[in-house]
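K.L.:
Taken in order, these protein sequences are the chains called E, B and A. Using full-length UniProt numbering, read the first sequence as starting at 1 and increasing by one per residue. Using full-length UniProt numbering, read the second sequence as starting at 1 and increasing by one per residue. Using full-length UniProt numbering, read the third sequence as starting at 1 and increasing by one per residue. A virtual CB, placed ideally from N, CA and C, is assigned to each residue, including glycine. One structure, as structure tokens, below. Some questions next.
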Amino acid sequence: RSGKMAKLTHLVDNEVFRAYATYTTIVLLKMMLMSLITAYFRITRKAFINPEDTASFGKGESAKKYLRTDPDVERVRRGHLNDLENIVPFLGIGLLYALSGPELSTALLHFRIFAGARILHTFAYLIPLPQPSRGLSWAVGYAVTISMAYKVLKTALYL
Amino acid sequence: RSGKMAKLTHLVDNEVFRAYATYTTIVLLKMMLMSLITAYFRITRKAFINPEDTASFGKGESAKKYLRTDPDVERVRRGHLNDLENIVPFLGIGLLYALSGPELSTALLHFRIFAGARILHTFAYLIPLPQPSRGLSWAVGYAVTISMAYKVLKTALYL
Amino acid sequence: RSGKMAKLTHLVDNEVFRAYATYTTIVLLKMMLMSLITAYFRITRKAFINPEDTASFGKGESAKKYLRTDPDVERVRRGHLNDLENIVPFLGIGLLYALSGPELSTALLHFRIFAGARILHTFAYLIPLPQPSRGLSWAVGYAVTISMAYKVLKTALYL
Numbered sequence: 001r002s003g004k005m006a007k008l009t010h011l012v013d014n015e016v017f018r019a020y021a022t023y024t025t026i027v028l029l030k031m032m033l034m035s036l037i038t039a040y041f042r043i044t045r046k047a048f049i050n051p052e053d054t055a056s057f058g059k060g061e062s063a064k065k066y067l068r069t070d071p072d073v074e075r076v077r078r079g080h081l082n083d084l085e086n087i088v089p090f091l092g093i094g095l096l097y098a099l100s101g102p103e104l105s106t107a108l109l110h111f112r113i114f115a116g117a118r119i120l121h122t123f124a125y126l127i128p129l130p131q132p133s134r135g136l137s138w139a140v141g142y143a144v145t146i147s148m149a150y151k152v153l154k155t156a157l158y159l
Numbered sequence: 001r002s003g004k005m006a007k008l009t010h011l012v013d014n015e016v017f018r019a020y021a022t023y024t025t026i027v028l029l030k031m032m033l034m035s036l037i038t039a040y041f042r043i044t045r046k047a048f049i050n051p052e053d054t055a056s057f058g059k060g061e062s063a064k065k066y067l068r069t070d071p072d073v074e075r076v077r078r079g080h081l082n083d084l085e086n087i088v089p090f091l092g093i094g095l096l097y098a099l100s101g102p103e104l105s106t107a108l109l110h111f112r113i114f115a116g117a118r119i120l121h122t123f124a125y126l127i128p129l130p131q132p133s134r135g136l137s138w139a140v141g142y143a144v145t146i147s148m149a150y151k152v153l154k155t156a157l158y159l
Numbered sequence: 001r002s003g004k005m006a007k008l009t010h011l012v013d014n015e016v017f018r019a020y021a022t023y024t025t026i027v028l029l030k031m032m033l034m035s036l037i038t039a040y041f042r043i044t045r046k047a048f049i050n051p052e053d054t055a056s057f058g059k060g061e062s063a064k065k066y067l068r069t070d071p072d073v074e075r076v077r078r079g080h081l082n083d084l085e086n087i088v089p090f091l092g093i094g095l096l097y098a099l100s101g102p103e104l105s106t107a108l109l110h111f112r113i114f115a116g117a118r119i120l121h122t123f124a125y126l127i128p129l130p131q132p133s134r135g136l137s138w139a140v141g142y143a144v145t146i147s148m149a150y151k152v153l154k155t156a157l158y159l
């Protein structure tokens, strides 16, 4: 068994793969943070969507008034969905890219720019910063993913 | 070719990776089940969102009344989105964790608790169970993912 | 380092894995296209959701009227979410399936049908085509994913 383990962990000895592992974990943790921010705004704004979540505020009409949408909650939720839409492609295409044998420096450049762009995107969405801050940070992450997809298809294309 | 195949399938000979494959497939199938439950409620509650889906109920006003939201449908959809938000991080971080050389028993503990927590979360959301059932089952899955992310970053960190 | 790189790129020498890489990249790029289509409809229909996105239309009431939902924008967004719900399982289960040692011809059949079904689903959703076009194309992609999950569990089951 330990022989097979050793082979597996070769993946983690590879610097490009380690960089992929690091930056993927960072952007996924960042995405997970959106859940906590949503919960924070739901609780501080008292804006819930499930009746069972307002039970502690009492019964009947007194609790029902907390079943409402709040602009700050909705904003975080939109940021969270945008993360899903953009980090899922990075997760998949980035893994294939890391396995396609890119130069370490090129791979690091892709991963760092993507992670930076997504972190900026979150700040731009939540503060919010005036446009085109959010649009540009979204576009940079998108372009990095397209660039990695091009390398994957150039290396691995098999239709 | 078969030589390379053999090397590839070493991954599947590895017990940690097999456990990851098993539990990831289980939670992804569970998430896919949410689509069927949504369809079931849309059809039984006659609550659709796309005009072309109500065409079989006739034309004009008689069909239009089925273009509406239904609390049960919306509840399943929220559960589905919550799955996406939590199972996507497990998919990515769990894969990297499985490749980071954890002890088999530790890895199994992580995977089993995560899968159990997400299944409980679905029951808590759909029945619905009183809070904090849903909140706790969500938090347990979240904590397991954080724990795996910590191991990945400790093993592979390369910034 | 190059020795380890060589081992890693064995994955990309494997034809089943190359096919997985190709079709996964294609469906993820297709999913990413939904972001551009959403942006296109938001701009041409002048239907935005974030106040900061309408700042260029002026201040106050003149800009506020563009903060509205539009049926075409909402339709693309639903298609995008449906992609997430179905392509995420393909990403995870498909990877495990590709590593479970399937026949190349069988694997290609799965990947090609899935990609074709998801592309048809997008056309069926956006044009829109009369039902059951969208329902059937969804079901075909769903069935392909279930079939791959069955192979993964048969090969790797470790509970």
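(1) Does DSSP classify residue 99 of chain A as helix, strand or coil?
(2) Is the Cβ of residue 152 of chain B closer than 8 Å to any Cβ of chain E?
(3) Run through chain A and tell me which residues come within less than 8 Å of residue 148 of chain B, C-beta to C-beta.
(4) Hey, residue 111 of chain E and residue 20 of chain E are a contact pair by Cβ (cut 8 Å); roughly how many whole angstroms apart?
(5) Quick check: the stretch 88-96 of chain A against the stretch 22-31 of chain A, are at least 3 beta-carbon pairs closer than 8 Å?
(6) Tell me the DSSP bridge mates of residue 67 of chain A?
(7) Residue 130 of chain B touches chain E at which residues, Cβ-Cβ below 9 Å?
(8) Are the Cβ atoms of residue 88 of chain B and residue 88 of chain E separated by less than 8 Å?
(9) Starting from the Cα of residue 41 of chain A, find the closest Cα among A:113, A:75 and A:15 and give me that residue.
(10) Buried or exposed, going by whether 16 or more other CB atoms sit within 10 Å of the CB of residue 114 of chain B?
(11) Check each candidate in E:54, E:45 and E:30 and name the one with the smallest Cα separation from residue 135 of chain B.
(12) How many Å lie between residue 33 of chain B and residue 132 of chain A at the Cα?
(13) Would you call residue 64 of chain A buried or exposed, if buried means 16 or more other Cβ atoms sit within 10 Å of its Cβ?
(14) Rounded to whole angstroms, what's the CA-CA distance from residue 13 of chain B to residue 38 of chain A? Just pull it up for me.
(15) Let's test the definition: count the other Cβ atoms within 10 Å of the Cβ of residue 108 of chain A and tell me whether it reaches 16, buried, or not, exposed.
(16) Taking 8 Å as the CB-CB cut-off, is residue 11 of chain A touching chain E?
(17) Taking the alpha-carbon positions, what's the residue 51 of chain B to residue 142 of chain A distance?
(18) Chain E beta carbons: is any one of them nearer than 8 Å to that of residue 78 of chain B?
(19) Apply the 10 Å Cβ neighbour rule to residue 57 of chain A and answer buried if 16 or more other Cβ atoms are within range, or exposed otherwise.
(20) Distance check for residue 60 of chain A and residue 27 of chain E, CA to CA, integer angstroms please.
(21) Looking at C-alpha atoms only, which residue of A:159, A:151, A:49 and A:44 is the closest neighbour of residue 105 of chain B?
(22) In whole angstroms, what separates the C-alpha of residue 49 of chain E from that of residue 80 of chain B?
(23) Is the distance from the Cβ of residue 119 of chain E to the Cβ of residue 30 of chain E below 8 Å?
(24) For residue 152 of chain A versus residue 117 of chain A, is the C-beta distance shorter than 8 Å?
(25) Name, please, each residue of chain E whose Cβ falls closer than 9 Å to the Cβ of residue 139 of chain A.
(26) Report the neighbours of residue 117 of chain E on chain B: residues whose CB is nearer than 8 Å to its CB, in chain order.
(27) So which residues on chain B does residue 21 of chain E lean against when the C-beta distance must stay under 7 Å?
(28) Kindly indicate if chain B contains any beta-carbon less than 8 Å away from that of residue 85 of chain E.
(29) From residue 69 of chain B to residue 138 of chain E, what does the alpha carbon distance come to, in whole angstroms?
(30) At the level of alpha carbons, what is the spacing between residue 46 of chain B and residue 36 of chain B?
(31) To the nearest angstrom, how far is it from the Cα of residue 1 of chain B to the Cα of residue 100 of chain B?
(32) Give the straight-line distance between the Cα atoms of residue 67 of chain E and residue 154 of chain B, rounded to the nearest whole angstrom.
(33) Would residue 29 of chain A count as contacting chain E if we go by Cβ distances under 8 Å?
(34) State the start and end residues of the unbroken alpha helix (DSSP H) segment that holds residue 133 of chain B.
(35) Can you tell me whether residue 30 of chain B is helix, strand or coil according to DSSP?
(36) Can you confirm whether residue 25 of chain A, when its beta carbon is compared against all beta carbons of chain B, has any partner nearer than 8 Å?
P.N.:
Looking at the coordinates:
(1) Here residue 99 of chain A refers to the residue found at position 99 when the third sequence is read from its first residue. Three-state result, residue 99 of chain A: coil.
(2) Residue numbering aside, residue 152 of chain B sits at position 152 when the second sequence is read from its first letter. It does: the Cβ of residue 152 of chain B has a partner Cβ on chain E nearer than 8 Å.
(3) For the purposes of this step, residue 148 of chain B is taken as the residue at position 148 of the second sequence. Going along chain A, no residue has its Cβ under 8 Å from residue 148 of chain B, so there is no contact; the nearest lies around 15 Å.
(4) Looking up residue 111 of chain E in the first sequence gives position 111. Looking up residue 20 of chain E in the first sequence gives position 20. About 7 Å separates the two Cβ atoms, so the contact holds.
(5) yes
(6) One-based indexing of the third sequence puts residue 67 of chain A at position 67. Partner(s): A:48.
(7) Looking up residue 130 of chain B in the second sequence gives position 130. Residues of chain E passing the Cβ test: 52 and 55.
(8) As a first step, residue 88 of chain B is located in the second sequence; it is residue number 88 there, counting from the start. As a first step, residue 88 of chain E is located in the first sequence; it is residue number 88 there, counting from the start. Yes, the Cβ-Cβ distance between residue 88 of chain B and residue 88 of chain E is below 8 Å.
(9) Translated into positions along the third sequence, residue 41 of chain A becomes position 41. Nearest option by C-alpha distance: A:75.
(10) Taking the first residue of the second sequence as position 1, residue 114 of chain B is located at position 114. Buried: at least 16 other Cβ atoms inside 10 Å.
(11) Here residue 135 of chain B refers to the residue found at position 135 of the second sequence. When only C-alpha atoms are compared, the closest one is E:54.
(12) Here residue 33 of chain B is taken as the residue at index 33 of the second sequence, counted from 1. Here residue 132 of chain A is taken as the residue at index 132 of the third sequence, counted from 1. Approximately 20 Å between the Cα atoms of the pair.
(13) Here residue 64 of chain A is taken as the residue at index 64 of the third sequence, counted from 1. By the 10 Å Cβ count, residue 64 of chain A comes out exposed.
(14) For the purposes of this step, residue 13 of chain B is identified with residue 13 of the second sequence, where counting begins at 1. For the purposes of this step, residue 38 of chain A is identified with residue 38 of the third sequence, where counting begins at 1. Rounded to whole angstroms, residue 13 of chain B to residue 38 of chain A spans 44 Å at the Cα level.
(15) Here residue 108 of chain A is taken as the residue at index 108 of the third sequence, counted from 1. Buried, because 16 or more other Cβ atoms sit within 10 Å of the Cβ of residue 108 of chain A.
(16) As a position in the third sequence, residue 11 of chain A is number 11, starting the count at 1. Cβ-Cβ to chain E under 8 Å: yes for residue 11 of chain A.
(17) Against the second sequence, residue 51 of chain B aligns to sequence position 51. Against the third sequence, residue 142 of chain A aligns to sequence position 142. Approximately 23 Å, taken between the alpha carbons.
(18) Counting from one through the second sequence, the residue named residue 78 of chain B turns up at place 78. By this cut-off, residue 78 of chain B is an interface position.
(19) Counting from one through the third sequence, the residue named residue 57 of chain A turns up at place 57. Result: exposed.
(20) Walking along the first sequence from the start, residue 27 of chain E turns up at place 27. Walking along the third sequence from the start, residue 60 of chain A turns up at place 60. Taking the straight line from one Cα to the other gives about 36 Å.
(21) Your numbering for residue 105 of chain B matches position 105 in the second sequence. Among A:159, A:151, A:49 and A:44, the Cα nearest to that of residue 105 of chain B is on A:159.
(22) One-based indexing of the first sequence puts residue 49 of chain E at position 49. One-based indexing of the second sequence puts residue 80 of chain B at position 80. Answer to the nearest angstrom: the Cα atoms are 15 Å apart.
(23) Here residue 119 of chain E refers to the residue found at position 119 when the first sequence is read from its first residue. Here residue 30 of chain E refers to the residue found at position 30 when the first sequence is read from its first residue. Their beta carbons are under 8 Å apart, which means residue 119 of chain E touches residue 30 of chain E by this criterion.
(24) Taking the third sequence and counting its residues from 1, the one referred to as residue 152 of chain A is at position 152. Taking the third sequence and counting its residues from 1, the one referred to as residue 117 of chain A is at position 117. Not in contact: residue 152 of chain A and residue 117 of chain A (Cβ atoms no closer than 8 Å).
(25) As a working note, residue 139 of chain A is residue 139 in the third sequence. The premise fails here: residue 139 of chain A is roughly 22 Å from chain E at the closest Cβ pair, so nothing lies under 9 Å.
(26) The residue given as residue 117 of chain E occupies position 117 in the first sequence. Within chain B, no residue comes near residue 117 of chain E; the closest Cβ sits about 16 Å away, beyond 8 Å.
(27) Position 21 of the first sequence, counted from the first residue, corresponds to residue 21 of chain E. Neighbours of residue 21 of chain E on chain B, chain order: 96, 152 and 156.
(28) Position 85 of the first sequence, counted from the first residue, corresponds to residue 85 of chain E. No - not a single Cβ of chain B is within 8 Å of the one on residue 85 of chain E.
(29) Against the second sequence, residue 69 of chain B aligns to sequence position 69. Against the first sequence, residue 138 of chain E aligns to sequence position 138. Taking the straight line from one Cα to the other gives about 31 Å.
(30) Taking the second sequence and counting its residues from 1, the one referred to as residue 46 of chain B is at position 46. Taking the second sequence and counting its residues from 1, the one referred to as residue 36 of chain B is at position 36. Cα to Cα, the separation comes out at about 15 Å.
(31) For the purposes of this step, residue 1 of chain B is taken as residue 1 along the second sequence, with counting starting at 1. For the purposes of this step, residue 100 of chain B is taken as residue 100 along the second sequence, with counting starting at 1. Confidence in residue 1 of chain B is poor, its pLDDT being 39 and thus under 50, which makes the residue's placement too unreliable to answer from.
(32) To locate residue 67 of chain E, count along the first sequence from 1; it is residue 67. To locate residue 154 of chain B, count along the second sequence from 1; it is residue 154. Using only the alpha carbons, I get a separation of about 42 Å.
(33) For the purposes of this step, residue 29 of chain A is taken as the residue at position 29 of the third sequence. Chain E contact via Cβ: present.
(34) Within the second sequence, the letter at position 133 stands for residue 133 of chain B. Its alpha helix (DSSP H) spans residues 133-156.
(35) The residue given as residue 30 of chain B occupies position 30 in the second sequence. Here residue 30 of chain B sits in helix by DSSP.
(36) Numbered from 1 along the third sequence, position 25 holds the residue referred to as residue 25 of chain A. It does not; no Cβ of chain B falls within 8 Å.
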